[in-house]
Amino acid sequence: MATRTFALALILFVALAAALRLPQLSSRPIHGDEAVHAVKCWDLYATGRYVYDPVEFHGPTLYYATLPILRLSGARDFASTTAAIYRLAPALAGVGLVLLVWLLADGVGRSAALWAGLLTAVSPALVYYSRYYIQETLLVFFAALAIGCGWRYGVSRRAGWAIATGAALGLMHATKETAIIAWGCMAAGLAAAWFPMRLRAPAGPAALRQAGLALGAAVLTSVLLFSAMFTNARGPLDSLRAYGVYVSRAGGAGAAGDHAHPWDAYLRWFGYWQRDRGPVFSEAGILLLALVGIAAAARGVEPDPRRRALARFLAVYGCLMPVAYSALPYKTPWSFIGAWHGLVLLAGLGAARLTVRAADVAGALARPRNEQTRAGLARATLGAAALVACALVAWNLAAQAQRAATRFASDPRNPYVYAHPLHGVERMTHWIERLAAASPEGRGTTIQVIGGNPWPLPWYLRGFSRVGYWDDPPGQLDAPIIIDCGADDRLGARLGDAYQASHYGLRPDAVLTVYCERRLYERFARAATGAAGGATTREADEP
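Numbering (numbering that gives the first Met the number 0), first residue to last: 0 to 542.
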């Protein structure tokens, strides 16, 4: 394939990835995890301080990646920021993930690289979580960057690529603690790839020096971010202490809590999913093509030993990642996208091999008749059929990705919607804003939020200046607006007729109850009646 054709096709796939990831980033209700990270990012932006928490929230890379976007947005305060501002950083990383296949093009072949880029662009899971303000897409991007730079170093033996590989590994660590899983799978892949070649490529002083440069770059990058640019000396140490916390959390079904799922959960989420007569979501096409890629890597069809080594690396890495994540009781769909991207790379190998192999089979079937023209025609026909089949897989995935990111973005019939808020939380916010507009205090109206897990309410109430949060109902409940996040079923009885209640769906299994003080409610009703010219106004939402 010509260089210009490859470049144009890759640019087209990058544009496709952008078209699926960038539009309407604020249209979906913000997830509780996204709200937490948005609050922490704004705190870093507003104060310039960051302190790593080894128990929750993961590493700082996501926040630092968002800072330039916040500066360019011109946001004056937290209330003026939007979900799109925060989600833009992972969305751009998701687009860049397609571009990174360029680093592997001479190792897997340009055809395989383009197929991998196309499947990365249209994978519903990769598209959906690129539009999430969480760490996973950045972690996948840095893992792919480490693999690509590592391959460039293996080909060129240049120190710059070694340093880039180390920096990418350090960025993985500073993004999320689960980077250690990917490192282990990468190490196993390297052992499988390079061990058979050890006699032909012995390690020399130059290689050892470059390995030291890579290690130094990894450590420096990680320390720089965890220490908040050398302002928090404890941060790097806490990043190591965190592994004790996360090992305990992932070590058993009891520790995993509500996120404990059986070993085949990822297969069901990604392989085939349909609920309540909703649409079918299935990325089985990627799985099938990945199996073809694994078979090709196992057979060692590449004549170049370095390319065979890269194929073996990708096969081992791509197989071990799903096994490692499936073995952990703690499972969320977004946790798996790093493993999924490894399978997507293998699917690129598989698609390229399938089109070539189909042509070879067609030619072999026609040869016994000694009809060279017919053999060529059969080869071209079957090869084209395989090409069309792979293209149809990509088209179907793109349609699913568009559906998942738009119409079903917060619908539980979408397998990637996990513990996600419904649009009821947005309706609740609109109702509270209308109540505050009728209050003399306006956005300074006191709001009491009761419940042990109020997220994402701190995001939706960020425009109000007097909001307090309690795990359990306090002794004094006298705020004009009280929001019950399921803290106490007796709260309504305690408030009695002094408050008007309305209900909103937070999640399919959770309801928010908003209690408005009767006097404020009547003030709102009078204002609304006057504005409507005497028409009665009733505000109620179903949970």
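All C-beta atoms, glycine included, are put in the ideal place defined by N, C-alpha and C. Only a predicted model underlies this, so the values are computations on that prediction, with no experimental measurement involved.
A direct Cα-Cα distance of roughly 36 Å separates ALA205 from ARG352. Nearest Cα to VAL121 within the set ALA397, ILE68, GLU55: ALA397.
Look at GLY149 here: in three-state DSSP terms it is helix. For the alpha helix (DSSP H) assignment, the uninterrupted runs of no fewer than 4 residues enclosed by the segment 247-325 are, from N- to C-terminal side, 252-255, 264-270, 283-298. Non-local C-beta neighbours of ARG240 in its own chain, meaning closer than 8 Å and more than five positions away in sequence, comprise PRO53, ordered along the chain. Under DSSP, TYR329 shares a beta bridge with ALA259. Straight through space, the alpha carbons of ASP470 and THR444 are spaced by roughly 21 Å. Spatial neighbours of GLY317 in its own chain (CB-CB distance under 6 Å, excluding positions within 5 residues in sequence) are listed in chain order as GLY341, LEU342, LEU345. Comparing alpha-carbon positions, the option among LEU348, VAL510, GLY183, ILE481 lying closest to TRP114 turns out to be LEU348.
Taking C-beta atoms under 8 Å as the contact rule, TYR265 and LYS330 qualify, at a distance of about 7 Å.
With 16 or more other Cβ atoms inside 10 Å of its own Cβ, MET320 counts as buried.
Less than 8 Å divides the Cβ of TRP150 from the Cβ of LEU309. Residue ARG433 holds the alpha-carbon nearest to the alpha-carbon of ARG525 among ARG433, PRO455, CYS484, ALA6. CA-CA distance, ILE84 to SER72, rounds to 7 Å. The Cβ atoms of ILE449 and ILE480 lie no closer than 8 Å to each other. ARG109 is positioned such that its CB atom lies closer than 8 Å to that of MET0. The secondary-structure analysis by DSSP pairs LEU511 across a beta bridge with TYR503.
Between ALA323 and CYS184, the C-beta spacing is below 8 Å. In the DSSP assignment, TYR468 falls within the unbroken beta strand (DSSP E) covering 466-469. Exclusion of the five residues before and after ARG517 leaves ASP496, ALA497, TYR498, GLN499 as the residues of its chain whose Cβ lies within less than 8 Å of its Cβ. Here VAL448 carries a strand assignment [DSSP, helix/strand/coil].
Residue state for ASP477 is assigned as coil, using DSSP reduced to three classes.
In the three-state DSSP reduction, ASP42 falls in the helix class (H, G or I). With a contact defined as Cβ atoms closer than 8 Å, SER501 and VAL510 miss out at about 11 Å. Rounded to whole angstroms, the Cβ separation of ILE133 and ASP32 is 6 Å, and the two are in contact under 8 Å. With respect to the C-alpha of TRP333, the residue from ALA350, ALA383, TRP268 having the closest C-alpha is TRP268. A check of alpha carbon separations from VAL139 across GLY106, TYR127, ALA178 identifies ALA178 as the nearest. In the DSSP annotation of this structure, the continuous segment of the alpha helix (DSSP H) that includes ASP105 starts and ends at 104-107. A distance of 8 Å or more separates the beta carbons of TYR468 and ALA227. Burial state of PHE225 is buried, judged by a 10 Å Cβ sphere holding 16 or more other Cβ atoms. DSSP, reduced to helix, strand and coil, places TYR132 outside both helices and strands of the structure shown, so it counts as coil.
Boundaries of the alpha helix (DSSP H) around ALA437: 423-437.
Looking at the backbone, the Cα of ALA326 and that of TYR415 are separated by about 20 Å.
Between TYR503 and GLY423 the beta-carbon gap is near 4 Å, inside 8 Å, which marks them as a contact.
Residues PHE312, VAL315, TYR316 of the same chain have their beta carbon placed closer than 6 Å to that of GLY188, with the five preceding and five following residues left out of the count. Taking the C-beta atoms as reference points, ALA173 is found no nearer than 8 Å to PRO67.
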